[in-house]
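Asker: The listed protein sequences derive, respectively, from chains A and B. Just so you know, we're using the numbering used here here: the first sequence kicks off at 1 and counts up by one. Just so you know, we're using the numbering used here here: the second sequence kicks off at 1001 and counts up by one. Glycine residues also receive a C-beta, built at the ideal position from the N, C-alpha and C atoms. In this text the structure is predicted, and so the values were computed from the model without any measurement. I have a structure I would like to understand better, so I am pasting it below and will then ask my questions one at a time.
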Amino acid sequence: MGAVVKPFRLIQPSEHPRPPRRIRSRKLFAPELVRESLRQSFVMLRPDIQWSNPVMFVVEIGAVLTFLFIIQAAVGSSRSIVPITYFIALDFWLFITVLFANFATALAEARGKAQADSLRKTRSETPAYRLKATDVIEEVLSTDLRPGDRVVVSAGQVVPSDGEVIEGIASVDESAITGESAPVIREAGGDHSGVTGGTRVISDRVVVRITALPGQAFLDRMIALVEGTVRQKTPNEIALTLVLAGLTIAFFIVVVPIWPMTWNADQYMMSYLVMSEPLRSLGTDVPTLVALLVCLIPTTIGALLAAIGIAGMDRALQANIIAKSGRAVETAGDIDIVLLDKTGTITVGNRHATDFVPVAGYSRLKLALLAAVASISDETPEGKSILTAAQAAGVPAKEFTTLDGAQFVPFSAHTRMSGVDFADGRVIRKGAPDAVLGLVKQRNGEVPAGLEQVIEAIAANGATPLVVAENARIAGVVVLEDILKSGIRERFARLRSMGLRTVMITGDNPLTAATIAREAGVDDFVAEATPESKLAYIRKEQALGKLVAMMGDGTNDAPALAQADVGLAMNSGTQAAKEAGNMVDLDSDPTKLIEVVEIGKQLLMTRGALTTFSVANDVAKYFAIVPALFAGTLPWLNAMDVMRLHSPTSAILSAVIFNAIIIPALIPVALKGVKYRPLGADALLRKNLLVWGLGGIILPFIGIKLIDVVLTTMHLVA
Amino acid sequence: MWLLPSSIIVFTIVLAIPMSRYMAKIMDGRYRPPRVFQWCERHLDSGQQNWKQYTLALLVFNTLMFVFGYTVLALQPWMPLNPRGLGMLAPSTIFNSVISFMTNTNLQHYSGEVNLSNFSQIFFVIFNQFVSAAVGMCALAAIIRAFRGESTVGNYFVDMWRAVAYIFLPIAVILGVLFLWQGMPMTINHSVDQVMTLEPGAMGATDTGQPKPQTLVVGPVAAEVPIMMLGTNGGGFYGMNEAHPFANPSALSNFLVMFGMMFFPFALVLMYGRMLGRVRHAIVIFSVMLLLFAGTIVWAIHFDTMKPNPGLTAHPEARAFKIAVPTAPGGTQTITLPAVAGLPVDQHLGNLEGKELRFGTSAGATFAAATVDVTCGAVNCEHDSLNPIAALSPMAGMWLNCIYGGKGVGMINLLLFLIIGVFLAGQMVGRTPEYLGKKIGAREMKLAMIALLVHPIMILGPSGLFAATNWGMKAENNPAAHGLSEIVYQFSSASANNGSAFDGLGVSYGFNNNPNPAPEAVPWDLATGLVMLFSRYLPIIAPIAMAAFLGMKKSTPFGLGTLRDDTFTFGCLLFGTIVIVGALLFLPVAALGPLAEHLGPIPFGG
C-alpha cells in the first residue's frame, strides 16, 4: 500500500493561474473620452439633470445667485465693500466646481460606454445559417433569428446569437468577448454548451439552438446595464446621498445665521468706533456666504459619488466580469463566505488515477484491466487517466477496444457510478465506495475484509478511492489523486485575512475532502455535494446572517446561484446558470470570485475614503474663511488665520478654488479605486483613517496656502 | 487644583460600575422588588409594547405632565403651603417653566425662592425632576431592546416605575440624608424670619434706626437637591442654585452634588454595554466620553482658574488693526487698541469673579464644565463671569450634547454621532456600514440625520434671529461678542435640555402682576420653550424608530472583515466624528462669541 502515501505533487510553474488581464483598460484621460465628457458636463447643468445630485444642485443655485449679484453690482446698485471682479472670480469658480463634478460623472459614464461599445462591436449583423426542420439550411440575418431556431455554425463562422450547442463539438474563439486568444471547447450536453453571439467557431461544426431574441441577447442586456441606461442607485448610494443631503442642510443652517450675527457685530463696532458710515464685513455679503456654504457642503464626495459607482462596475468589466447591477458589486464587498468548487479552483483540472489496489484474490493486473474496460467509453478526464494508468500497470493497449454489445453506463450525480454492461449480463462498475458497495450488497455480494482499511488509508491521504466491482464481487480500488494548484494556500490565507471564510465544494467522500481541505487551507468543506446540498448549505449560512458568494456553470447550479448573494456564473456555462447568477465571468476562471470580492471591497472603501476626506477637508476651509468673513469688523479674529493668508478675498477665493480643483485631482482615485490590501478590518480602518481622515484635515491647509501664494504672486487678488 | 476634579471622576467611575450592573438588572426585569412594589408593577403593566406604542405612551404621558404642571403653577395662589401668598407667574413664564421641567431642561426664567411656593416646589419641581429624568432612561431602554432585535421594546409605564422607584428614589434618599447631615434645610415651613445679619445693618435700617432683620427662605431643599442632581435636572430651589449656602452647605456637599449629577450618566453608558452584552464596546464609548469630559474640565480650569481675568490685567502694548472702509481715504481705516494698565488686583488664584470660594479655587470651573457635559444645568458659579475663552468649554459641552449627557438622551445622542461616523468612515474597511451586525440603510440614516439636525437648527436659527432683533439686542446685558455669547448660550442650554444659564440676559418676567418685567421676557419665554420642546422629543422619537428599524434587520455575525466596535481605532473614529462634526457646526458662532471676545480689545462689549 506504499503507493497511496505519496505526497501531493505541486504543479509546474507553467501551470500557474493566469494573471488577470487588463486588455481593455485604457488611459484614464483618453482624449476622445475627455472630449465627450466635457461636452456632457455642460449638458448636465440643466437643472432637471443636476437635481439628481442634490449637493451639486445647491452649488449650481449658489452660482446662479452669485451671478445675479454680479448683475446688481454691474448696474451699480451694490452696497458691497468688495469689487465686482471678486464676484466674477467667485462665480467663475462656483460654475467650475459644478462642471468638474459633472465631468467626473460624465468621464466615468464615458468609460463605461466605451467598454460597452467595444463589446457591441461584436454584435454587428452577421449571416446565420438556419436549419429548417427538413434539414434544409437557409441563410438569414442574425437579427431575424428567434429563440428556438437552430443554426449551423461551421469553422470560420461567427456565432450569430446566444444559444446552446445541441449537436457536435467545436473549439470557439471567444477573444471578442474575453480578450483571451486561446480557444475554448464547446460541446453538446453538459455544462459547456453555451455559446455567445459574436464569438467565432474555429474548428468543426456545431448546431446551436438560439435562446435569445434579437437585441435581447445576454450581452445586449449586459451592455445596456453597463452603459448606465438602466443604472439605478444602489441602496448604499441612496443612503449616502441622503446623508450628504442632510449634511448640506446642516451647513445651510450654519451659514444662514452668520448673516444676522455678523450684522449684530457690525452694528456694535459702528458704535464702538463712532462711525457714521455703515460698516460691512464679508459676513453679510451673500456671495461670500454662498462661497462658504459651497466649501462646507460635501462637494468632493457629492461630485465623485456617481463616478465611484460606475467605476466599480467598470473595474469589474476590466476583470472580464459583467455585473448585472451595481448592487451586486457592492454586495460582493460584504461577502462572508465563498463557496469554491474543488475542481479547477483548488486543484488543477481533474483527478488522475495513480495506482490500483486489488483485494479479495484479484491481481493488480486484473484489477487494472477491469477498471480500464469500465472506462473505455468514459470521456471524463478521470476515465481517460485510468486508461493511461492501466497501460502503465501493464495492461496491453489492444484490450482497449469497445466490445460488441457492451453498453456504457455514464456517471450520474445520483448513482455516482459509471461502468459497462455486457451483452452476456456481466456488469462492471467503478465509483464512489458507498455507491458500489451498495450495489454489491444489493446483488448479495460479499464485501471483502480489509477493503474498508484500504479505502480509509487512501482517503486519509487526500486521494479518492474508486471501487471497482465485477458483478457482485469487489475487485479492488483505483487511487485517484488530486493536484493542488500552487499558491492556493496563499490565496486562501489572503481571503482569510480579508475576513472571508472559504468553503470547498466537492463530490469527494468526507475523508478525502477533509484532507484536501486541510492541505489547501480552506476553512470548511461540503463533501459528497449535490446541487441540493449546496443550496442547503447556502441557506443555512444565510439564515445565520452571512452573505455567501459562489461560482457555478451548470444548470443544476442555477438554484444555488440564484440563492447566493453573489452568484458568479461562468460564461462557458449554461444559459440557466447565467440567468440565475448576478454576475457573469467572461473568462470562466474559477478563481475569479476572489477578484470579485476585492472589487466590491475596493468600491466601498473608495466611497468611504472620499466621504471621510470630503468632510475632513472642511476644518481647514473654516480656518481660511471664518477670519476672512469677519476681517471687516472683528480684525483680531485674524489670530485664527493659521495659514496667514494674504487678504480676506484671497482667502475665500483660495478656499473655493481648492474646493473645486480637488474634484478633478481625485478623479483618478474615484475611477481606479483606493488600493485594497487584505488586512484585518481594524488595521484597514486605522490605515485609511490616517490617510484619508488625517490627510483630509492636513492637505487643504497646504493646498489653500499654496493657491493663496500663487494668486498673490500673480497679482490676481487684492 | 486638579485634585478636586480628578477625585470626583475616579469616585464616580468606581461607583458607576456596580450601579450599571444594578441598573441593567432592573431594566431587564431581573430584579425582584418587595411585594408592595411588585403589586404596583403588576397594575402598571399594560402589556408589551412595540416601538410605536411605546413612543405613543411616552408622548401621552408627557402631555399629561404638561397639563399637570401647568395646573399646579397656574393655581399657585390658591394652593396650600403658600404662607407668603405668592401670586401667579406670568403665563409665558409658566409655559416656559412647564416645558422646561417636563423636558428635563430646568431652564429657569424665574427665581425659585422668590416665585415658587413650597407646594409648587414639591408638586411641580420635585415631581417633574423624578419623572422627566426617567423618560430619557426609558427611551434608552427601549432603544437597547430594539437593537437586540426584540419585536416589543418593553412597557413604558413599567420602565417608568422601575426607573423612579428602584433607581432614583433609593439613591436620592441616601444622598438626601447626607445633605441633611451637611446642613441642608428640610422643612415645609417657608421662611425663617427675624434673622440678624452678622454685619449689623447689612439689610439696611428701619425707620427707627434699628438694623433690619433678614428673612431666609427655606423649604424641602434636602429633598429637592438630590434628585435635581441625580436626574441631571439642575433646576434649583434657589435662584442662585448650587452657589447658595443652603443648597450647597459645604465642600463635602459640593463633592456629593457633583458626584450626584455624574453618577447615572456614567453608569448608563456601561448599562448600555451590559444590556447589549457588549461591555467592551461600552468601555470604548465610555473612554471617548471621558476624554471629552476631562478635556472640557481641563479647558475650563486652564483658562479660568489658572488665568487672570483679562478685564483686570494690563495690556502693555497698543495694537493696531486695519479694516476695510470704502469711504475712508485709501479704503482702509486703522483701529487702535490702546495699551491698558492693569488694575491693582491680586489674581494669582485666577479669575475669581462670580465664584463661590468655599469649595476651592477650581470648583467653579470644574462644576461649570461637568454640569453641561451631563446636561445637568445646576451651577455653583456665574458662567457669565467666566473668562471669555473658558466659557467656550460649557458651550462646547452643550453643542456636542453627548459627553455622557443627560439620562439616556446623552447616550442616544452619542449613538447618532456613532451611526454617522460608522456610516461615513466605516465603509473604509470595505463593507457596507453596519452597527451591531446590522446593515445601516437609508431609512436609518434619514432618522439619524433628522435627530442630529434638530440640535444645530434649534440653537443657530433662533440665535441668529435674536441677535439681529430687539428681542436679543435689548435683552443682553453686554452688547457685541459677549452679548452674542449670552444669546447663543441661552438657546444652546434650551436645545441641549441643559438648563444652566449664562445669565446676563433679561429673560425674567416674574409674577403676572409685575409692573416692570424684563422688556423682552415674553419672546424669550416662548422661543426657548419651543426650542426645548422640539429638541427634546424629536431626538428621542427618531432614534427609537431608527433602533427599531435597525433591530428588525438580520444580524451579521462578527468576522475578521467586519468593523470592530471595541478597539482603540474605533474610539479614534468616534472621537474624530464627534469633534469634527461638532466643530463644523458651531465654529462660526464660537468665533463670533467667545473667541472674538477673547482676542478682541478689553474691555470689549461693556
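Once you ignore the five residues that flank K6/A on each side, which residues in its own chain have a CB closer than 6 Å to its CB?
Answerer: Bear in mind that the predicted position of K6/A carries a pLDDT of just 39, short of 50, making it unreliable; the figure below should be weighed with that in mind. Closer than 6 Å at Cβ, skipping near neighbours: no residue.
Asker: Excluding five sequence neighbours on each side, which residues of the same chain lie with their C-beta closer than 6 Å to the C-beta of R327/A?
Answerer: T234
Asker: Just to confirm, is the Cβ distance from L1019/B to F1263/B under 9 Å?
Answerer: It should be pointed out that residue 1019/B corresponds to Met in this sequence rather than to Leu. Yes, these two residues count as a Cβ contact at 9 Å.
Asker: How many angstroms separate the CA atom of Q115/A from the CA atom of Q318/A?
Answerer: 8 Å
Asker: Using 8 Å for Cβ pairs, my map puts V1379/B next to N1478/B. What's the rounded Cβ distance?
Answerer: Contact flag wrong, Cβ pair sits at about 19 Å.
Asker: In three-state DSSP terms, what is V1589/B?
Answerer: Under the three-state reduction of DSSP output, V1589/B falls in the helix class.
Asker: For the beta strand (DSSP E) that contains T502/A, what are its first and last residues?
Answerer: 501-505
Asker: So is A543/A buried or exposed if we call it buried at 16+ other beta carbons inside 10 Å?
Answerer: exposed
Asker: Exposed or buried, K27/A, counting other C-beta atoms within 10 Å across all chains shown (16 or more means buried)?
Answerer: exposed
Asker: Output needed for V230/A: all residues of its chain with C-beta closer than 8 Å, excluding positions within five of it in sequence on either side, in chain order.
Answerer: Reliability of the predicted coordinates at V230/A is poor, the pLDDT of 46 falling under 50, and no value is obtained from them.
Asker: Assuming the contact rule is C-beta atoms closer than 8 Å, V420/A and F411/A should be a hit. Round their C-beta distance to whole Å, please.
Answerer: The pair is not a contact, with the Cβ atoms about 12 Å apart (cut-off 8 Å).
Asker: Establish whether the CB of K1474/B and some CB of chain A are separated by less than 9 Å.
Answerer: no
Asker: Could you check whether the Cβ of K592/A sits closer than 9 Å to any Cβ belonging to chain B?
Answerer: For K592/A, the answer is no, since every Cβ of chain B falls outside 9 Å of its Cβ.
Asker: Skipping 5 residues on each side, what residues in its chain have a beta carbon closer than 7 Å to that of V1372/B?
Answerer: P1394, G1397, M1398, N1498, S1500
Asker: Where does the unbroken alpha helix (DSSP H) through T1141/B begin, and where does it stop?
Answerer: Checking the sequence, you will find Ala at residue 1141/B rather than Thr. Note, A1141/B: alpha helix (DSSP H), 1127-1147.
Asker: So who's on the other strand from R1280/B, going by DSSP bridges?
Answerer: Answer is none; R1280/B lacks a bridge partner.
Asker: Cβ closer than 7 Å: which chain A residues qualify as neighbours of P1316/B?
Answerer: Correct list: empty, because the minimum Cβ distance to chain A is about 17 Å.
Asker: Output needed for F100/A: all residues of its chain with C-beta closer than 7 Å, excluding positions within five of it in sequence on either side, in chain order.
Answerer: A303, A660, I663, P664
Asker: Quick one: residues in its chain with C-beta nearer than 8 Å to the C-beta of D641/A, no 5 flanking neighbours on either side, listed in chain order?
Answerer: F623, A624, P627, A628, A651
Asker: Tell me, please, whether the CB atom of L699/A is closer than 9 Å to any CB atom in chain B?
Answerer: no
Asker: Would you mind listing the alpha helix (DSSP H) stretches within the segment 472-519 of chain A that are 4+ residues and don't spill past its ends, in chain order?
Answerer: 488-497
Asker: Name, in chain order, the residues that DSSP records as bridge partners for D768/A.
Answerer: Residue 768/A cannot be examined here, being either before or after the span of chain A that is shown, 1 to 718.
Asker: Could you say which of G1209/B, A1475/B, L1292/B, Q1049/B lies nearest to F1575/B if we only look at CA atoms?
Answerer: The option with the nearest alpha carbon to F1575/B is L1292/B.
Asker: Could you pull out every residue in the same chain whose Cβ sits closer than 7 Å to the Cβ of S1492/B, ignoring the five residues on either side in sequence?
Answerer: M1395, M1398, W1399, I1459
Asker: What separation, rounded to the nearest whole angstrom, lies between the Cα atoms of F1123/B and Y1070/B?
Answerer: 11 Å
Asker: Given P1539/B, which residues of its chain have a CB within under 6 Å of its CB, disregarding the five upstream and five downstream residues?
Answerer: So the qualifying residues of the chain are A1451, V1454.
Asker: Any C-beta of chain B sitting closer than 9 Å to the C-beta of I81/A?
Answerer: yes
Asker: Beta carbon of V669/A, beta carbon of L603/A: below 9 Å?
Answerer: no
Asker: So for A155/A, helix, strand or coil by DSSP?
Answerer: coil
Asker: At a Cβ threshold of 9 Å, is V1589/B touching chain A?
Answerer: Chain A contact via Cβ: present.
Asker: Under 9 Å, CB to CB, which of the residues in the segment 1322-1341 of chain B have a partner in chain A?
Answerer: Of all residues in the segment 1322-1341 of chain B, only K1322, I1323, A1324, V1325, P1326, T1327, A1328, G1331, Q1333, I1335, L1337 place a beta-carbon less than 9 Å from a beta-carbon of chain A.
Asker: Taking G1426/B as the query, report the chain A residues whose CB atoms sit under 8 Å from its CB, ordered along the chain.
Answerer: G608, L685
Asker: Quick check: is the beta carbon of C1402/B nearer than 9 Å to any beta carbon in chain A?
Answerer: no
Asker: Of the residues L247/A, T97/A, A89/A, which one's Cα is nearest the Cα of T612/A?
Answerer: It is L247/A.
Asker: Could you say which of C295/A, V151/A, L387/A lies nearest to E60/A if we only look at CA atoms?
Answerer: C295/A
Asker: Residues of chain A with CB under 7 Å from V1379/B, in chain order?
Answerer: What V1379/B touches in chain A: nothing, since even the nearest Cβ is about 25 Å away.
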